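Q: One structure, pasted below without further comment.
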Amino acid sequence: MKLRNELGIILKTQGEIEAMKEAGRVSAKALRMAGEIVRPGISTWDIDAYAEEVIRMEGGIPGFKGYGGFPGTICASVNCQVVHGIPSKRVILKEGDIISIDTGAIIDGWYGDNAWTFPVGEIAPRTKLLLETTEKALFAGLAQVKEGATLGDIGAAIQQVAERPGFGVVREYVGHGIGRDMHEPPNVPNYGKKGKGIRLEVGMCLAIEPMVNQGTRMVRQMPDGWTVETLDKLPSAHFEKSIALTADGPVILTQE
Ligand code: MG
């Protein structure tokens, strides 16, 4: 029987969290290795194929492939694409681009989910600051995960870091609970008020994933039904890790 709290959030046992670490490890390995082949001239299709090979070699199943009909193993979101970019032979990376790679693996029915934004060669200084800031915002959010803290604490910490240099925090897409489903309750917004929102409990597993835009926070979904882009076509960064709150404190699930 699944243990749910009164909000319908599925709380994981210590044993289940151990199992999720394996899905997290494979997701993290696929992300790191995909990131290592990012260079000018490579297509997002080739990065996708490589990530799939890594996941299957580790005994995993690509978590995104077929999820809601998504065709790829990775989400490959280049420059003004925020999230959910579809890998393609026609998308060839070039010097100065940035690419958010999102990878997920399933092991024994448990999901892992993480993302990172990589520079392609030298990038513009303001875009470099966007990447540094979004990474910092992710870690600020992760640092809030402790018993008695709230989802508002996570959102507020992320928002404060992200908005300080004048960047825009995406509202329409948020982090999420994770477990035997990739997306479980609760939603984990990247904005909010300290002390507000659902209180964190031991057994919660969350994917925290700030999406931060260099310009306006406004986004739109493209006609392909997946790709999300910034409205002003300025770059967007996306960093994600999955984390569990255990009786012994927080544990990053997506690490090797
Ligand atoms: Mg996610």
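Going left to right, the sequence shown walks through residues 942 to 1197 as this note's numbering numbers them.
We put the CB at the ideal spot given by N, CA and C, even for glycine.
Being a predicted model, the structure only gives us computed values, none of them experimental.
(1) Checking 7 angstroms against the spacing of the C-beta atoms, do N1055 and E963 come in under that value?
(2) Looking only at DSSP bridge pairs, what is W1051 linked to?
(3) CB of E1150 to nearest heavy atom of ligand 1: below 6 angstroms?
(4) Within a Cβ cutoff of 7 angstroms, which residues of the same chain sit near N1020, ignoring the five residues on either side of it in sequence?
(5) Between D1054 and ligand 3, is there a pair consisting of the residue's CB and a ligand heavy atom that are separated by less than 6 angstroms?
(6) Thinking L1071 and F1108 are a contact (beta carbons under 8 angstroms), I'd like their distance in whole angstroms, please.
(7) Measure from the alpha carbon of K953 to the alpha carbon of each residue in L1186, I1193 and G1190, then state which is nearest.
(8) Mind reading off the beta-carbon distance from T985 to P1003? Whole number of angstroms is fine, and I expect it under 8 angstroms.
(9) Inspect the CB distances between the stretch 986 to 1005 and the stretch 1134 to 1149 and report whether three or more fall short of 8 angstroms.
(10) If A969 and T1195 are in contact, beta carbons under 8 angstroms, what's the gap, nearest whole angstrom?
(11) Considering just the uninterrupted stretch of the beta strand (DSSP E) at R882, what are its terminal residues?
(12) Rounded to whole angstroms, how far is the Cβ of I951 from the Cβ of E1125, which I believe are closer than 8 angstroms?
(13) Pick out whichever of G1136, V1111 and G1120 has its Cα sitting closest to the Cα of N1154.
A: A quick look at the data gives this:
(1) No, these two residues do not count as a Cβ contact at 7 angstroms.
(2) Per DSSP, I1048.
(3) Distances from the CB of E1150 to the heavy atoms of ligand 1 include at least one below 6 angstroms.
(4) Excluding the 5 residues flanking it on each side, N1020 has same chain C-beta neighbours closer than 7 angstroms at D1038, I1039 and P1176, in chain order.
(5) Although ligand 3 was asked about, the structure shown includes only ligand 1 as ligands.
(6) Between L1071 and F1108 the beta-carbon gap is near 6 angstroms, inside 8 angstroms, which marks them as a contact.
(7) Nearest to K953 by alpha-carbon distance, out of L1186, I1193 and G1190, is L1186.
(8) T985 to P1003, Cβ: 15 angstroms. No contact.
(9) No: the two stretches stay apart, fewer than three of their Cβ pairs being nearer than 8 angstroms.
(10) Indeed, because the Cβ distance is near 4 angstroms, the residues count as touching under 8 angstroms.
(11) Summary: the structure shown does not reach residue 882, with the chain confined to residues 942 through 1197, and so no result is reported for it.
(12) Confirmed, Cβ separation roughly 6 angstroms.
(13) Of all alpha-carbon atoms in G1136, V1111 and G1120, the one lying nearest the alpha-carbon of N1154 is that of V1111.
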